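Please read the structure below before turning to the comments.
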Amino acid sequence: MGAIGKEITRYFRSVVAANTHTGIDFKVDPFYILNPIELINGQLEADVCNKIFSEGNKGFANEENRSQKDTINVLICAKTVKTVFEAYVKIQEEIEELTGLFFIPAILHRDGKLRYDSSDKKLPWFPREYLQPMVEPKLSVGYADEVDQFISNHVDRIEQLKTWSDYVEFFKAFYESITGAKFEQNEIPNRGGDDLPIELESNVYLFVDNTVNSTYHVMNLYNHLLENDLPKGLYERFISTKPAKLDSLIENSLSNMKLHAGQMGGEFPLSPSQREAVNHFNHMRDGDILAVNGPPGTGKTTLLQSIVADMYVKRAIKKEKAPLIVATSTNNQAVTNIIASFGKINKVGLSNLEERWIEGVTSFATYFPSGQKEKEARNNGYQFTNSRGEHFVANVEARENLEKSKSKLLQNCNKYFETEYVQVADCQTKLHEELLFFEERKQALLVLCDTLNQFECNGERIDSYLNLLEEGIEQIQKSIRDIPKRVKEWEGCYKRIPFFFRWFSKRVQTEFTLFMNEEEWTFLQGTMKLIEIKEIYSVRLAECNQKLADLQKKRDAVKKWIERYDNELKLLNQHGIELHDDEASKYDVSIDKMNELIDKKIRYVEFWLAVHYFECRWASGEDALTEKQVGKSFKNVLEKFYNRLAMITPCLVMTFFMLPKQFLAYGDQTNFFLYNYIDLLIVDEAGQVSPEIGAGAFALAKKAIVVGDVYQIEPVWSINRALDKALALSSGAIKELGRYEQLELCGLNGYGSSVMRVAAKSCRYQKYEERGLFLSEHRRCYNEIIDYCNKLVYKGNLEPKRGKGTEHAGRALKQWPQMGFRQINSENSSKQGTSRYNRQEAAKIAEWLNEHFALIQAAYPKEAEHNLIGIITPFKAQVRCIQTEIGKQAPHLRSKISVGTVHTFQGAERNVILMSTVYGRNEGCFFIDANKSLMNVAVSRAKDHFFVFGDNQCLKDEPSSASGLLMASLVGNSI
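For the sequence shown, position 110 (counting from the first letter as 1) is numbered 170 according to this note's numbering, and the numbering increases by one without interruption.
The structure is reproduced here in structure tokens:
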């Protein structure tokens, strides 16, 4: 991989270390008040320092920042908007709003000394929401491009920062350059258009810098990568600055259908684009990355479940170790969505096969949460553990549970197979035999259906085609019988002509012409002699005999095909599987239809057989840990631990922040990571993961499938572009600032990119002129709704499959259009800090809900109340305003209706979505046009109806803009 690999690694580590987006909340996070002199001198008073380091301060002492440490990473809020405040209160309910404007990261020593973190290069920052350009120019301290320019111009100075006084000079110069005010002053000019200056607090506030906690394990992995030879393979592909060489797309051929072995759901077959992704997955080599672009409602979860099931079944067939599959993302919501989906596989009614045959296991996924998330995981009923094997693993591995599991296995196996086994090993053998049987049936049926093409059925069902052949044979046999008779009749006709007239050809022609029947006019002529007529009939007879032989041969082949097919169905039937749901569809087969049936019937059964086969291996004690090994992290112990866990839950789920910790092993007096160890890394919602957070995980896996959508919500980038350029240069990832654009082109930049973009660069396939595959069949929304998203960002490549709401007889709310608006006249909205609200609009929404909720509820009798309606709005202030108005007008609805910004609804869906635009007619609609991804997510949450509440005159009249397109979708659709 060479030096460039180390340099990209060092650069990514620098970006993680420089994370400046700590979420500080004065109302929640504990803080201490400092005198500004303490900040400038870099020395805290002893009593404050002792409090910070003492055990009693919850929030300061945590997993990676224990009080016995000699240093703590802290964050100093040096400049805060003035509010009424009583000194030295740590829990600040009475403070309505403390707004920090300038943050300085530092390291605090136990003796009270502050120092600059020269190794991680964390730099001071201004919160982006207070820098122009901004959505709401109210409280503005400067301009974002001036911040970028300052950092860019001081790369060398940053490199040379050593002492606290160097750092003080730097952050003072930075602050004064951006705000135009002296650091010592307690006011700054407001550059947001207000003439009044911003009055500042004289106090300085100190918080613990919790970014160290969230990225601690990621940093640990990067440190190890930099200290050792970089692993070849997947990580090498991910950080390469060269795009992967493109290969042709793989056809859905017989051989690829045969490769696909397992399916986790039995209700529906894969869609064509899901199948395309599975086919490409089955051709992956170690070191490959498969990028799959998955727009909303296109079945990303089903695809991931299929891939997990496919690997699991293949390993079971070969009697190999269960695959170690890790599914990950950047946030807990995306991760718990995966957990939830692997815990609810809908049953199709296959006796007790679709139940777990061991005790204490309810899902195919195990969650590895952080310590802080364990309580939430327990409350949600998730199977959760850690690399020490606590909680779920400890429970299922308990001797009593293992004994119960063996008993349950034998009982279920004997019930399903009608056997009387007393040994788990016999169950294991039987299950493997059954698995091979179904694999053979799958292969045989596919090969059989592939041969259908030889018959040239022209769309006819095979049984109807056989009837046609039989009819054809009968007709030809009749012709063969009729030809000699007709020849005799011609001879009779000739004989009836008086002998002396036979010399006159005209008389013979007349007689022959009169004797010809209707059919013979097509191949005989009146001028022909008898000998010529007999010769033509002789040729016709030979042709008929040849045709008869051909048809009989074809009929026999079709009969043999049907016999083999019936035999396959009979074999399946003997093993409890009816391939066809009704007799009428029995012979309506083609290879594509058969492949879909196999998804639902055979691959699904194969998955459950593999589940029970691996349960047997687990219950038999394969790779069981000794008491001394439990909780240890030696390499051989971890390998046993993960093999056992993969047998009973093939998918392990964790965030990128927790992932490195789980694969950190101990041996030979040192810690090391299990590089190239995970069989498959699945990255979900990859469009939301910044590259430096995800890159390290690729070093721990053999291959990766990366699923996401660059047209949904972007990552929260931890640094600005200027600092990113500076870090790329100082780490050697680029040799000069002008080359930064080359990093951007391949997505390997810490600001403005995502793991999805890097995966696309690393993928060997391309669809619709974009790197990566594309899931195209959309089934969530009615066509009228998803049509908006299709035009907005997907270039018409989505295939709406649900149908038009207006044409759907079974739609629930027939009185309303799928896309509609409620006009609420308002001149202007109101401001609250940097947010906006529109009380009049909120009141009208609450009124409408109060009036219509019962109607909507009645229309969806089987739907859970909280899944009926969601309300999306651009501003948090409007969220609170709407909640307040619902509380006033319809308090009974508060717990039944979700209200939030677009980010709240990422990954969710509702039957009806209301959108509150907030803006008045005189203000335009900045939010809707600022970022197409936000509107794409907002609209695609709605399954049946998307209603806009607000003054539609704030929307643009340009069809190319997001708001203009929305306006066009709403024309004439008032509700």
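C-beta: ideal position from N, C-alpha, C; glycine also. Predicted model only: the values in this text are computed from it and were never measured.
- A Cβ-Cβ separation of about 15 Å leaves Leu909 out of contact with Tyr920 under the 8 Å criterion.
- Minimum Cα-Cα distance from Asn991 among the listed residues Ser958, Val853, Gly870 corresponds to Val853.
- Linking Ala788 to Lys891 through their CA atoms gives a straight-line distance of about 39 Å.
- Remark: C-beta atoms of Leu631 and Lys661 do not approach each other more closely than 8 Å.
- DSSP lists Val713, Ile742 as the beta-bridge partner residues of Ala387.
- Lys360 carries a helical assignment under DSSP once its states are collapsed to helix, strand and coil.
- Assigned with DSSP and collapsed to three states, Gln443 falls in coil, not helix or strand.
- Distance from the CA atom of Ser465 to the CA atom of Tyr276, rounded to whole angstroms, is 38 Å.
- Beyond the five residues adjoining it in sequence on each side, Arg663 comes within less than 6 Å, by CB distance, of Gly322, Gln323 in the same chain, given in chain order.
- Within its own chain, the residues whose Cβ lies closer than 8 Å to the Cβ of Glu480, once the five positions on either side in sequence are excluded, are Asn474, listed in chain order.
- Looking at the DSSP output, Leu135 shares a beta bridge with Pro165, Phe267.
- For Ala425, the secondary structure class from DSSP, reduced to helix, strand or coil, is strand.
- In this structure, Arg297 keeps its C-beta atom at 8 Å or more from the C-beta atom of Ile377.
- Apart from sequence neighbours up to five positions away, the residues of its chain that approach Arg615 with a beta-carbon distance below 8 Å are Leu526, Leu529, Glu530, Ile533, ordered along the chain.
- Around the beta-carbon of Thr422, fewer than 16 other beta-carbon atoms lie within 10 Å, marking it exposed.
- Counting along the chain, His1005 sits inside the beta strand (DSSP E) bounded by residues 1002 to 1010.
- Per DSSP, Arg663 is not a residue of any beta strand (DSSP E), being assigned neither H nor E.
- Shown here for Lys864: same chain residues with a beta carbon closer than 7 Å to its own, the five before and five after excluded, namely Tyr842, Asn843, Glu844 in chain order.
- Here the region 977 to 990 does not lie against the region 825 to 832, with fewer than 3 beta-carbon pairs under 8 Å apart.
- Considering only Gly403, Gly357, Arg335, the residue with the shortest C-alpha distance to Asp370 is Arg335.
- For Glu983, the CB contacts under 7 Å within the same chain, skipping 5 residues up- and downstream, are Asn888, Ser889, Cys1014 in chain order.
- Here Asn397 carries a helix assignment [DSSP, helix/strand/coil].
- Between the region 422 to 440 and the region 687 to 700, the count of C-beta pairs closer than 8 Å stays below three; the two stretches do not touch.
- Per DSSP, Met707 is one residue of the alpha helix (DSSP H) stretching across 695 to 708.
- Note that the C-beta distance between Phe498 and Lys490 is not below 8 Å.
- If you draw a straight line from the Cα of Val507 to the Cα of Asn518, it is about 19 Å long.
- Ile238 and Ile957 have their alpha carbons spaced roughly 43 Å apart.
- Of all alpha-carbon atoms in Lys173, Asp171, Ile164, Asp180, the one lying nearest the alpha-carbon of Phe186 is that of Ile164.
- In terms of Cα proximity to Val959, the closest of Glu623, Asn250, Ile942 is Ile942.
- If you check the CB distance, Glu643 and Leu505 do not come in under 8 Å.
- The three-state secondary structure of Arg73, taken from DSSP, is helix.
- Distance check between Glu206 and each of Lys1003, Gly967, Glu236, Lys181 places Glu236 closest, using alpha-carbon atoms only.
- Ser74 has its alpha-carbon roughly 9 Å from the corresponding atom of Ser179.
- According to the DSSP assignment, Phe234 belongs to the alpha helix (DSSP H) that extends over 224 to 239.
- The C-alpha of Glu229 is placed about 46 Å away from the C-alpha of Ala998.
- Minimum Cα-Cα distance from Leu462 among the listed residues His340, Gly681, Phe328 corresponds to Gly681.
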